[in-house]
Amino acid sequence: MNEFLKNVKGKVVIAGIGNPLRGDDAVGSYIVKELNNKLRAILIDCEDQPERFIEKIVENKPETVIFIDAVHMNQKPGSVVFMRETDLEEYTGISSHQTNLKHCIDYIKAKITCKIFIVAIQPENTEFGRSMSKKILEVAETLRHLFIQTLNKN
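Here my numbering is used: the first residue of the sequence shown is -2, the next is one more, and so on.
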């Protein structure tokens, strides 16, 4: 995480993705909400429709965009993978937001010059009507603290 955050420069947009009604899928939205007023960054809660917020991201002209999303990566629940936008292709088809996210990234890159990263979190349970699992809540809290510690130093 610290090595990843060292590459985050300039004006930053952090976009959380997730459906609040589908358990651990909500993790991206949850983290962004928890960072509100605690970080020098533009925070956007995209819920499960990141495509609706790409113009807002582009209008802010960030140097760095970070998407946070639950991604099925066939890893242990709570595993976190820090990816560049090019790494996303490796995981195509295993997240409900993946296709939209790839299109969003392509659109952003066509409009502005910026670095784009994805913080992918392996969910434990994404069933409809479930709450976030204890494990994913713990991971979300750890990530929240790391974002605050690292990005507020810039």
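We put the CB at the ideal spot given by N, CA and C, even for glycine.
Helix, strand or coil for I14, going by three-state DSSP, please let me know.
What you label residue 14 is simply residue 17 of the sequence shown in a count that begins at 1. The answer is strand: DSSP assigns I14 an E or B state.
For N57, which option in A12, I115, E121 and H142 has the closest C-alpha, if you only look at C-alpha atoms?
Numbered from its first residue, the sequence shown carries residue 57 at position 60. Considering only alpha carbons, the answer is A12.
With DSSP collapsed to three states, give me the class of R49.
Taking the sequence shown and counting its residues from 1, the one referred to as residue 49 is at position 52. Three-state result, R49: helix.
contact_flag[the region 75 to 85, the region 29 to 41] where n(CB pairs < 8 Å) is 3 or more:
no
Helix, strand or coil at T147 according to DSSP, with G and I counted as helix
Here residue 147 refers to the residue found at position 150 when the sequence shown is read from its first residue. Helix.
Reduced DSSP secondary structure (H/G/I, E/B, other) of L36:
What you label residue 36 is simply residue 39 of the sequence shown in a count that begins at 1. In this structure, L36 counts as coil in the three-state DSSP scheme.
Give me the Cα-Cα distance between T61 and K112, rounded to the nearest whole angstrom.
Working through the sequence shown from its first residue, we reach residue 61 at position 64. Working through the sequence shown from its first residue, we reach residue 112 at position 115. Approximately 5 Å between the Cα atoms of the pair.
What would DSSP say about E82, mapped onto helix, strand or coil?
Taking the first residue of the sequence shown as 1, we reach residue 82 at position 85. E82: helix per DSSP, three-state reduction.
Hey, how far is the Cα of K6 from the Cα of T123?
Counting from 1 along the sequence shown, the entry for residue 6 is found at position 9. Counting from 1 along the sequence shown, the entry for residue 123 is found at position 126. Straight-line Cα distance between these residues: approximately 33 Å.
Closest by C-alpha distance to M80, when choosing among S26, E138 and I115
In the sequence shown, the residue the question calls residue 80 occupies position 83. The option with the nearest alpha carbon to M80 is I115.
Neighbourhood of E44 by C-beta, 7 Å cutoff - its chain only, sequence neighbours within 5 removed
Within the sequence shown, the letter at position 47 stands for residue 44. Only G15, N16, P17 and S26 meet the Cβ criterion.
Taking the C-alpha atoms as reference points, what is the distance between N4 and G20?
Start at 1 with the first residue of the sequence shown, and residue 4 comes out as number 7. Start at 1 with the first residue of the sequence shown, and residue 20 comes out as number 23. Those two C-alpha atoms are separated by around 30 Å.
Same chain, Cβ closer than 7 Å to V78, five either side skipped, listed in chain order
Position 81 of the sequence shown holds residue 78. If we look at V78 and ignore the five residues flanking it on each side, its Cβ neighbours are M70 and A117.
Inter-residue spacing [alpha-carbon to alpha-carbon] between V9 and A38
Walking along the sequence shown from the start, residue 9 turns up at place 12. Walking along the sequence shown from the start, residue 38 turns up at place 41. Roughly 5 Å separates the two Cα atoms.
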